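Asker:
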Amino acid sequence: MNEFPLSLTDVRALALIVGHRSFRKAADELGLSASTLSHLMRTLEARLGIRLLNRTTRSVAPTAAGERLLSRLSPVLREFALAVDEVNQYRDLPSGTLRINASDQAARVLMECALPTFLQRFPQMSVDLVTDGRLVDVVADGFDAGIRLGESIPQDMIAVPIGPDIRFITVASPDYLKTHSYPLTPDDLLRHHCIGIRMPSGKPYRWEFEKHGQSLVIDPKGQLTLDNPEIMADAAISGLGIAYVPERVASRSLADGRLVKVLEEWCPPIPGLFLYYPGHRHIPSGLQAFIEVLRECTTANVENNEA
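In my numbering, the protein residues as written are 17 to 323.
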């Protein structure tokens, strides 16, 4: 009988290469050299008699056959991981790796309490935290959970709040406002230098405002476009224009007077950060433990703010 041409190790390696779009990153996660991993994939392609990956000097991407193979075998990988996790339920403490996808801001929130507490409490657990500006498919990309603003989470996910509502606000430096008219409505921004926001997709972000049930969406113009809220706040401090950033990002500069709020009454709070995960499958023990730690940290943060 011929040897089966595909192993679970082959499937995981292929999935990591496609997920990272990189041999080097996939090899690092597998504890191999990039050349070894490349050789393994060429051997696999030879056994199957079909090309699975398109390689260039700068990138790697799946062929149609590679995509099809992964789409059929990804559930096998997930079931394997769940089977191992169910065995781990018999341990006193959860073990393994928890993979989380989050925005930069969400990752900073986790660093304040949840991650240090979780890793100290569960020494047999490790966390692979991937920061990504785009909203990824956590199931297809092999993550246990994601963290994003509530309004961005797909409806078929279970969402756990991990923080209070947030506000996006418009801010400018006092010096800028001394030499430019003070905006009274969002429409006034069209006559100002505004610091644009570029989304991970490359598209510009349109600023959203609301007051007394009236919603306005503005496509502001300016000479500068950025993709990082902290740098946007710095640019506003330098007098380069009006920025639209999370209030949390600008809090210190607002407190010391380097920035001031404009159009504050047009900037209501919106649902804050949520951890989300698919509800149609078994929840890994590590994720269950992490959710409990998140809830503890969220409760403690609320109590400290009320004190």
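The beta-carbon is built from N, C-alpha and C at its ideal position, and this holds for glycine as well.
Just so we're clear, the structure is a prediction, and the values are computed from it rather than from any experiment.
What is the residue span of the alpha helix (DSSP H) that D250 lies within?
Answerer: Here residue 250 corresponds to residue number 234 of the sequence shown, with the count starting at 1. First-last of the alpha helix (DSSP H) with D250: P245 to I253.
Asker: With distances taken between CB atoms, is the gap from L64 to P21 smaller than 7 Å?
Answerer: Taking the first residue of the sequence shown as 1, we reach residue 64 at position 48. Taking the first residue of the sequence shown as 1, we reach residue 21 at position 5. Their beta carbons are under 7 Å apart, which means L64 touches P21 by this criterion.
Asker: From N18 to A62, what does the alpha carbon distance come to, in whole angstroms?
Answerer: Walking along the sequence shown from the start, residue 18 turns up at place 2. Walking along the sequence shown from the start, residue 62 turns up at place 46. The pLDDT assigned to N18 is 47, lower than 50, so where the model puts this residue is not dependable, and the model offers no usable value.
Asker: Express the C-alpha separation of R214 and T241 in angstroms, rounding to a whole number.
Answerer: Counting from one through the sequence shown, the residue named residue 241 turns up at place 225. Counting from one through the sequence shown, the residue named residue 214 turns up at place 198. Approximately 6 Å between the Cα atoms of the pair.
Asker: Report the rounded CA-to-CA distance for E128 versus L310, giving the unit in angstroms.
Answerer: The residue given as residue 128 occupies position 112 in the sequence shown. The residue given as residue 310 occupies position 294 in the sequence shown. Taking the straight line from one Cα to the other gives about 11 Å.
Asker: Mapping the DSSP letters down to three states, classify C210 as helix, strand or coil.
Answerer: Numbered from 1 along the sequence shown, position 194 holds the residue referred to as residue 210. Note: C210 maps to strand in three-state DSSP.
Asker: On a CA-only basis, which of K237, R164 and F39 is nearest R222? Give me that one, please.
Answerer: Counting from one through the sequence shown, the residue named residue 222 turns up at place 206. When only C-alpha atoms are compared, the closest one is K237.
Asker: Per DSSP, L114 forms a beta bridge with which residues?
Answerer: In the sequence shown, counting from the first residue as 1, residue 114 sits at position 98. Looking at the DSSP assignment, L114 forms a beta bridge with V143.
Asker: Determine the direct distance from the alpha carbon of I253 to that of T195, and round the result to whole angstroms.
Answerer: Residue mapping note: residue 195 aligns to position 179 of the sequence shown, counting from 1. Residue mapping note: residue 253 aligns to position 237 of the sequence shown, counting from 1. Answer to the nearest angstrom: the Cα atoms are 14 Å apart.
Asker: Quick check on DSSP: helix, strand or coil for E308?
Answerer: If you number the sequence shown from 1, residue 308 lands on position 292. It is helical.
Asker: Would you kindly report the start and end of the unbroken alpha helix (DSSP H) that includes G35?
Answerer: Numbered from its first residue, the sequence shown carries residue 35 at position 19. L24 to H36 is the extent of the alpha helix (DSSP H) around G35.
Asker: For the candidate residues R137, R150 and P110, whose alpha-carbon lies nearest to that of N117?
Answerer: As a working note, residue 117 is residue 101 in the sequence shown. Among R137, R150 and P110, the Cα nearest to that of N117 belongs to R150.
Asker: For L68 versus T79, is the C-beta distance shorter than 7 Å?
Answerer: Mapped onto the sequence shown, residue 68 falls at position 52. Mapped onto the sequence shown, residue 79 falls at position 63. Closer than 7 Å, so yes.
Asker: What number of angstroms, rounded off, separates the C-alpha of R10 from the C-alpha of D26?
Answerer: The requested residue 10 does not occur in the structure, where the chain is confined to residues 17 to 323.
Asker: Between which two residues does the alpha helix (DSSP H) harbouring V265 extend?
Answerer: Position 249 of the sequence shown, counting from 1, holds the residue named residue 265. That run of the alpha helix (DSSP H) goes E263 to A271.
Asker: Quick one: give me the first and last residue of the beta strand (DSSP E) that Q171 is part of.
Answerer: Within the sequence shown, residue 171 is the residue found at index 155, counting from 1. Here Q171 belongs to no beta strand (DSSP E), and DSSP marks it neither H nor E.
Asker: Give me whichever residues DSSP pairs with G162 in a beta bridge.
Answerer: In the sequence shown, the residue the question calls residue 162 occupies position 146. N117 and Y292.
Asker: Alpha carbons only, please: which of R124, F290, S38 and G158 is nearest the one belonging to L93?
Answerer: By one-based count along the sequence shown, residue 93 stands at place 77. Ranking the options by Cα distance to L93, first place goes to G158.
Asker: Rounded to whole angstroms, what is the Cα-Cα separation between L200 and L279?
Answerer: As a working mapping, residue 200 is identified with position 184 in the sequence shown. As a working mapping, residue 279 is identified with position 263 in the sequence shown. One C-alpha to the other measures close to 6 Å.
Asker: Note down, in chain order, each residue of its chain lying with its Cβ closer than 6 Å to the Cβ of R274, except the 5 sequence neighbours on either side.
Answerer: Residue 274 sits at position 258 when you count from the first residue of the sequence shown. Taken in chain order, the residues that qualify are I253.
Asker: According to the Cβ coordinates, are V155 and P294 closer than 7 Å?
Answerer: Stepping through the sequence shown from its first residue, residue 155 is reached at position 139. Stepping through the sequence shown from its first residue, residue 294 is reached at position 278. The answer is yes: Cβ separation under 7 Å.
Asker: Using a threshold of 7 Å, state whether the C-beta atoms of G288 and P180 are closer than that.
Answerer: Taking the sequence shown and counting its residues from 1, one reaches residue 288 at position 272. Taking the sequence shown and counting its residues from 1, one reaches residue 180 at position 164. Yes. Within cutoff.
Asker: Output the boundary residues of the alpha helix (DSSP H) element that contains E45.
Answerer: On the sequence shown, residue 45 is found 29 positions in, with the first residue counted as 1. Unbroken alpha helix (DSSP H) run through E45: F39 to L46.
Asker: Does Q239 come out as helix, strand or coil in the three-state DSSP assignment?
Answerer: Here residue 239 is taken as the residue at index 223 of the sequence shown, counted from 1. If DSSP states are grouped into helix, strand and coil, Q239 belongs with coil.
Asker: Please report the Cβ distance between K227 and E281, rounded to the nearest whole angstrom; I am assuming they are in contact, meaning their Cβ atoms lie under 8 Å.
Answerer: Here residue 227 is taken as the residue at index 211 of the sequence shown, counted from 1. Here residue 281 is taken as the residue at index 265 of the sequence shown, counted from 1. Going by Cβ atoms, the distance from K227 to E281 rounds to 6 Å, so yes, they are a contact pair.
Asker: Does the separation of the CB atoms of A50 and F39 fall below 7 Å?
Answerer: Position 34 of the sequence shown, counting from 1, holds the residue named residue 50. Position 23 of the sequence shown, counting from 1, holds the residue named residue 39. Taking 7 Å as the Cβ cut-off, A50 and F39 qualify as a contacting pair.
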